[in-house]
Every structure is written in structure tokens, then in C-alpha cells.
Amino acid sequence: MHVLITGAAGFLGSHLSDRLLSEGHTVIGVDNFSTGNAGNLAHLSNESRFRFEEWDICKPFDLGPVDYVFNFASPASPPGYLKLGIETLRVGSIGVENALEVASRYNAGFLHASTSECYGDPLQHPQSESYWGNVNPVGPRSVYDESKRYAEALVMAYHRYRGVNTHMVRIFNTYGPRLHPDDGRVISNFLMQALRGEPLTVYGDGGQTRSFCYVDDLIDGIVRLSRSNEALPVNIGNPNEFTILECAQAVLEVTGSKSELRFEPLPTDDPTRRKPDITKAQTILGWEPKISLREGLEKSLGFFKNKLSSSTAAVNH
Ligand code: NAD
Ligand code: UDP
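So the sequence shown is residues 1442 to 1758, counted in this note's numbering.
Here's what the structure looks like:
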């Protein structure tokens, strides 16, 4: 297949590029580097089946015929989308529409990276795909949540009115190597803080929960979904649920760090709990995650240690 991936220079887009290239496909990566970076694709510089175009997908684009479009472009970390609020709304609306136009034009398959954030601060636990969510449409997080909810409506419209073969994954908190060390997400923050011997910043009382999925498990679920007949959203995530305090403890154990905890204010509308019901993915994709939080943290450690030593080297230079 000839595949186009938007957001290819980001955390997930770069791993998806690797997976599809390893299967023998040809990949065109598109990214405007707003939250991603070229370093995530540096290892592909001599890969003849990979091509990269720097482009903002809010501007229409046509890079020639493709068989499949994976749409991953969007700021994704809360500090990232809070800083780039209008850009986030635009890429989740105009950007998604431009990507869908490419799929429609070339009769290509389409998979959109949606999010558990569509459930907002959920009143149903765990969250199944049939739950419509509890989102504040005007709070600070609305730039992300509502762009992602609008994008789901847009994808369904291209499926229903234009007959595009579309798919949507609702991704739950995913981590691993290439998660940006400074983009503010909890696993990257805690790992970098623990490795630097700085206090781990726990927001609120740390009793809120998240369910963390290792990147390889997620990518496997996404690839399976892309080859299925399912057009409605499918949750992909690890249903093992941890409080943020438990997550901090796991990071301290895996790193062997003696860092203390520092409690800071809880951000506005921070969801109190999140855990995917993955029955649908198990049933229609035969998928479930294999890697525990402890194993995933161990697998991620080398990447974050490298980032730490290169940032220390830069400071000492
Ligand atoms: P990321 O920030 O590492 O990657 C997103 C990429 O999109 C970046 O490289 C960025 O530069 C690019 N981008 C943003 N706006 C663009 C534009 N207008 N044109 C071209 N490129 C643009 O984040 P990620 O974690 O890899 O997330 C990828 C996708 O998965 C996002 O759509 C995100 O909403 C979704 N998602 C991720 C998670 C997670 O836990 N990682 C959870 C839920 C949903
Ligand atoms: N969080 C925290 N300390 C940090 C970063 C995040 O306690 O340094 C909390 C945050 O308040 C949230 C959870 O960890 O409850 C997950 O945050 P993240 O930004 O990774 O993703 P979210 O699920 O909120 O999109």
C-alpha cells in the first residue's frame, strides 16, 4: 500500500510510520512541526520507501494517489493544545476535512485518531463507545475536546454521504519512547522529574485515575482497526486503571529515584477518572493490550535517559 500519515513527526505518527514501513508499505509523512519534531523521523532519513513533506494540513493538499490516509495531526498534550487553542480547533475541523478530501479523491481508506477526551469527565465508568460523554463545551479543554467531537461527526459524514471507507480510534492515554519529554503529559513529566531527582508534580490530590497503554499495543490495535469493516468509533487503550499517585509510585520504583512528590493545583475540568471498556476491540479486532505499566515504563526508560543526557550536555556546552 501507498500510505499517507498526517502528524507523522509526532509521537504516535512516527511509530505508525515505522510499523507500516516494516510491513513493506510506502509512507508519505506530513507534519508542520507544531508539536512534533524531525528527530522522531531521523532514523528514516535513508529509507527509500519513506518521504516527508512539511505542510500545515489546514491548507488543502494533494501529494498524489494514496491507498490509505491515517490522520494523526493535532496537538495532543493539555499544555500543547491550551497554548495552541485556535490551531487545535482548526486542525480538528478544516485539517480533518482536507485529509478526508484526499481519501475521497483517491478512494482511499481513512483512519482518524480520536480520543477518550470525547467522553470528557465521564459519568459512566468504564467508558464504552456507546457513551456520549460529559464535555464542557466552553471550558479551557473545549478547544481539544470539541474539535475531536466535531471531527468524529465529520468523519461519519464522509462515510455516510461520500461512501469513504472510514475508521475512528478513541485513543486512551498512551506513552512510550518519543513522547515529548517536555510536552507536559504525566508519564513524560514524571519520568524526566524522577531522572533529574526533582519533585514529581502531582496535580490535585493525585486520586484521579488514568489507564495507560504502551505505544506498541496501541499501534497494533490501530493497524487492526484500519483493516476492519468498522466505521463507528472503537476504544483502544489499556483497561488497567491507576490513580496518579500510583503512577508516581510506579515511576519512582522503575527509575529507582528518591524524588519527593509536590502537590500542585488540579487543572480546570481535569477528568476524575478514565478507563476504556475494550469489549468491542476484543470482539471485532481480536485485540487486547499485552504490556503492563511497569513493563512499559521500563521499555521507555532508555529514551528518557538519553533525552536527559542530551539536555544536560547542551546546558554544559
Ligand atoms: P504529538 O503532538 O506528538 O503528534 C501530533 C503531530 O501532529 C505533531 O507532530 C504535530 O506537529 C502535528 N500537527 C499538529 N497540527 C498540525 C497541522 N495543522 N498540520 C500538520 N501537522 C500538524 O501527539 P501524539 O500523542 O502523537 O498524538 C497523535 C494523535 O493521536 C493526535 O491526533 C491526538 O489527538 C491523538 N491522541 C493521542 C493520545 C496519546 O495518549 N498520545 C491520546 C488520545 C488521542
Ligand atoms: N498530571 C499530574 N502531574 C503532571 C502532569 C499531569 O498530576 O505533571 C495529571 C493530570 O492532572 C491528569 C493526569 O495526570 O489528571 C493525566 O494528565 P495528562 O496531561 O498526561 O493527560 P490527560 O489525560 O489529562 O489528557
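The beta carbon of each residue, even a glycine, is placed where N, CA and C say it ideally should be.
- Within the segment 1720-1758, the complete alpha helix (DSSP H) runs of at least 4 residues fall at 1720-1726 and 1734-1757.
- Pairwise C-beta distances place the segment 1665-1679 out of contact with the segment 1693-1702, as fewer than three of them are shorter than 8 Å.
- In this structure, P1519 has its beta carbon at no less than 8 Å from each heavy atom of ligand 1.
- Comparing alpha carbon positions, the residue from P1501, L1445 and F1474 closest to R1492 is L1445.
- Annotation note: the segment 1516-1563 contains the following uninterrupted alpha helix (DSSP H) runs of length 4 or greater, listed N- to C-terminal: 1519-1524, 1526-1531 and 1537-1546.
- Contact annotation: V1537 and A1592 have beta-carbon atoms nearer than 9 Å.
- Pairing S1750 with S1741, the inter-Cα distance amounts to about 15 Å.
- The three-state secondary structure of F1704, taken from DSSP, is strand.
- Note that the C-beta distance between I1663 and A1554 is below 9 Å.
- Here the distance from the Cβ of Y1644 to the nearest heavy atom of ligand 2 is below 8 Å.
- In this structure, W1573 has its CB at a distance of at least 8 Å from all heavy atoms of ligand 1.
- In the three-state scheme derived from DSSP, where H, G and I count as helix and E and B as strand, F1502 is classed as coil.
- Under the DSSP assignment, R1601 falls in the alpha helix (DSSP H) whose first and last residues are S1583 to R1603.
- In this structure, the beta-carbon distance from S1588 to V1643 does not fall below 9 Å.
- In the three-state reduction of the DSSP assignment, R1651 falls in the strand class.
- Between the alpha carbons of S1545 and F1704 lies a distance of about 49 Å.
- With distances taken between CA atoms, K1748 lies nearest to L1632 out of L1632, L1485 and V1468.
- DSSP places M1633 within a helical segment (H, G or I) once states are collapsed to three.
- Restricting attention to T1713, F1744, A1635 and N1606, the CA atom closest to the CA of K1699 is found in A1635.
- The shortest C-alpha to C-alpha distance from P1516 to any of A1483, T1447, I1469 and F1502 is the one to T1447.
- Taking a contact to require three or more Cβ pairs closer than 8 Å, the segment 1614-1632 and the segment 1457-1465 do not qualify as touching.
- The alpha-carbon separation between C1559 and D1586 amounts to approximately 6 Å.
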